[in-house]
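Some notes on the structure that comes next.
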Amino acid sequence: MSLPISHKVAPATEGDLPELRELLASAGLSADGLDDFLATTLISRSRGKIIGCAALEIYAASALLRSVAVDAGWQARGLGAELVEKAMRLAQSRQVNEMFLLTTTAAEYFERHGFARCAREEAPQAMQRSLEFTALCPASAVCMRRTIEPPRPAIRTPRTPREE
């Protein structure tokens with residue numbers, strides 16, 4: 001579905017944290033540790049209100065996608081997919097080649113967006129020591145992984161002069 005009301009996706013700032021925490025709490029997600037990853041947190045705003053978010057924790061060439069949430073009034077409109085895609089592009093710009101996530105409720109959703117289930121042990125060791133892996137997500141959470149293709153260089157076709 002398309003988004004009928006305008007919104008803007010942008011990097012989060014420290015001033016966004018209180019509203020981000022509220023959105024995440026309403027989605028049943030923890031905001032613990034999120035302030036350490038503000039530089040890689042995206043928010044979507046409409047009419048001045050945060051209506052969605054997605055965050056990345058970068059671990060060398062891997063990233064942990066976390067804190068993906070959409071305001072209840074904005075669900076089923078494509079905003080979550082847009083945030084996930086923009087997070088993928090952000091990861092790609094940081095030379096990340098694989099992304100992981102943990103979920104207790106949305107495995108099927110993320111499968112539709114190119115993620116596949118995997119064992120937690122497949123995640124990099126540094127990621128396995130993260131707050132998400134060690135405390136915030138239960139052992140029953142599904143671990144998922146998606147490969148990120150490097151950006152393709154723009155193909156430039158040489159122009160030929162017009163014949164007159």
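Residue numbers (my numbering): 1 to 164. Don't be surprised by glycine CBs; every beta carbon is placed ideally from N, CA and C.
Contact check, residue i vs residue j, beta carbons under 9 Å
{"i": "Ala-10", "j": "Arg-21", "result": "no"}
{"i": "Leu-90", "j": "Val-68", "result": "no"}
{"i": "Glu-98", "j": "Thr-40", "result": "no"}
{"i": "Ala-61", "j": "Val-96", "result": "yes"}
{"i": "Ala-116", "j": "Arg-145", "result": "yes"}
Coil, strand or helix - residue i by DSSP
{"i": "Thr-105", "result": "coil"}
{"i": "Pro-11", "result": "strand"}
{"i": "Leu-29", "result": "coil"}
{"i": "Ala-76", "result": "coil"}
Residue range of the alpha helix (DSSP H) that includes residue i
{"i": "Val-84", "result": "79-93"}
{"i": "Ala-25", "result": "17-26"}
Boundaries (first-last residue) of the beta strand (DSSP E) holding residue i
{"i": "Arg-66", "result": "62-70"}
{"i": "Gly-48", "result": "No beta strand (DSSP E) holds Gly-48; DSSP gives it neither H nor E."}
Candidates the options, of which the one nearest residue i by Cα
{"i": "Ala-126", "options": "Glu-111, Thr-105, His-113, Phe-100", "result": "Phe-100"}
{"i": "Pro-124", "options": "Leu-29, Glu-57, Asp-35", "result": "Glu-57"}
{"i": "Thr-13", "options": "Ala-25, Leu-42, Leu-29", "result": "Leu-42"}
Item to complete: Could you tell me which uninterrupted alpha helix (DSSP H) segments, each at least 4 residues in length, are contained entirely in the segment 108-147, listed from first to last along the chain?
Response: 125-128
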